[in-house]
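Peer 1:
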Amino acid sequence: MNTPDHPLQPSASADEQLAIVDALYRFGAGQDLRDRALFESAFAEHATLDFTGPAWRLGAAIPVFEGRQAIADTIFAAIDGLDTTHTVTNPRVTAFDGGHATLFALVEAQHLPRHDHSRHLLLKHVYTTEMSRQGARWQIERMQIDMVWFSGDPAVLFPKPG
Numbered sequence: 244m245n246t247p248d249h250p251l252q253p254s255a256s257a258d259e260q261l262a263i264v265d266a267l268y269r270f271g272a273g274q275d276l277r278d279r280a281l282f283e284s285a286f287a288e289h290a291t292l293d294f295t296g297p298a299w300r301l302g303a304a305i306p307v308f309e310g311r312q313a314i315a316d317t318i319f320a321a322i323d324g325l326d327t328t329h330t331v332t333n334p335r336v337t338a339f340d341g342g343h344a345t346l347f348a349l350v351e352a353q354h355l356p357r358h359d360h361s362r363h364l365l366l367k368h369v370y371t372t373e374m375s376r377q378g379a380r381w382q383i384e385r386m387q388i389d390m391v392w393f394s395g396d397p398a399v400l401f402p403k404p405g
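Following my numbering, the numbering of the sequence shown begins with 244 at its first residue and continues without gaps.
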């Protein structure tokens, strides 16, 4: 992949770049549509998702999620009572070698309790994802999420016990 000694220049065609970004679209739309199969299609079997930094800023301590099943179980449990919208902007393929790619994007995610839209948690994050080609599709191998800012009530996503 991309190292200081061997930097890779993005050389993916426009169609290839769209196919790479589609994995991130599947990640967001799968949550928003409550479509677990679509969500899972975004991830490789042994993928990791690191949301530890944003969770810490929101007052929660969580582990890095490891494996497609654990990622889906954790995310779908967290959003079970929520309506969400995820908007992906500024996607850039920053490394590409035909079988692997690195994608940078900004993602804004709105979270609303399904039965109380007077409360919300709006998140803006930088996503860095390492991808691999799996047949005709690209899948996320590693997703790093770093918070830019948030607005609203962290308890929408991380309810306080009791």
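Where is the CB? At the ideal position from N, CA and C, for every residue including glycine.
With a threshold of 16 other CB atoms inside 10 Å of the CB of histidine 249, please say whether the residue is buried or exposed.
Peer 2: In this prediction, histidine 249 scores a pLDDT of 46, lower than 50, which makes its location untrustworthy; the coordinate-derived value is nonetheless stated afterwards. That one is exposed.
Peer 1: Identify every residue that forms a DSSP beta bridge with valine 350.
Peer 2: Valine 350 pairs with Val331 and His368.
Peer 1: To the nearest angstrom, how far is the alpha carbon of arginine 376 from that of glutamine 382?
Peer 2: Cα to Cα, arginine 376 sits roughly 6 Å from glutamine 382.
Peer 1: Any idea if threonine 332 is buried or exposed, counting beta-carbon neighbours within 10 angstroms, 16 or more meaning buried?
Peer 2: Burial call: exposed.
Peer 1: Please report the Cβ distance between leucine 365 and serine 394, rounded to the nearest whole angstrom; I am assuming they are in contact, meaning their Cβ atoms lie under 8 Å.
Peer 2: Yes, they are in contact, since the Cβ atoms of leucine 365 and serine 394 sit about 5 Å apart, within 8 Å.
Peer 1: What residues are listed by DSSP as bridge partners for valine 336?
Peer 2: Paired residue(s): Leu346.
Peer 1: For arginine 269, count neighbouring C-beta atoms within 10 Å of its own C-beta (all shown protein chains included) and say buried if the count is 16 or more, exposed if not.
Peer 2: Arginine 269 comes out buried.
Peer 1: Could you have a look at valine 307 and say whether DSSP puts it in helix, strand or coil?
Peer 2: Looking at valine 307 - three-state DSSP - the assignment turns out to be coil, as it is neither helix nor strand.
Peer 1: Since threonine 372 and leucine 267 should fall inside the 8 Å C-beta cutoff, what is the C-beta to C-beta distance between them, to a whole number of angstroms?
Peer 2: Right, the Cβ-Cβ distance comes to about 6 Å (below 8 Å), so this counts as a contact.
Peer 1: From the DSSP output, which residues share a beta bridge with glutamate 283?
Peer 2: BP columns for glutamate 283 are empty, so no partner.
Peer 1: Please determine, among Glu351, Gly378, Met374 and Phe282, the residue with the shortest C-alpha to C-alpha distance to aspartate 340.
Peer 2: The shortest C-alpha separation from aspartate 340 is found at Met374.
Peer 1: Which runs of the beta strand (DSSP E) fall wholly inside the region 255-283 and span at least 3 residues, in chain order?
Peer 2: The qualifying runs do not exist here; there are none.
Peer 1: Over the uninterrupted alpha helix (DSSP H) stretch that includes glycine 296, give me the two end residues.
Peer 2: 295-300 is the extent of the alpha helix (DSSP H) around glycine 296.
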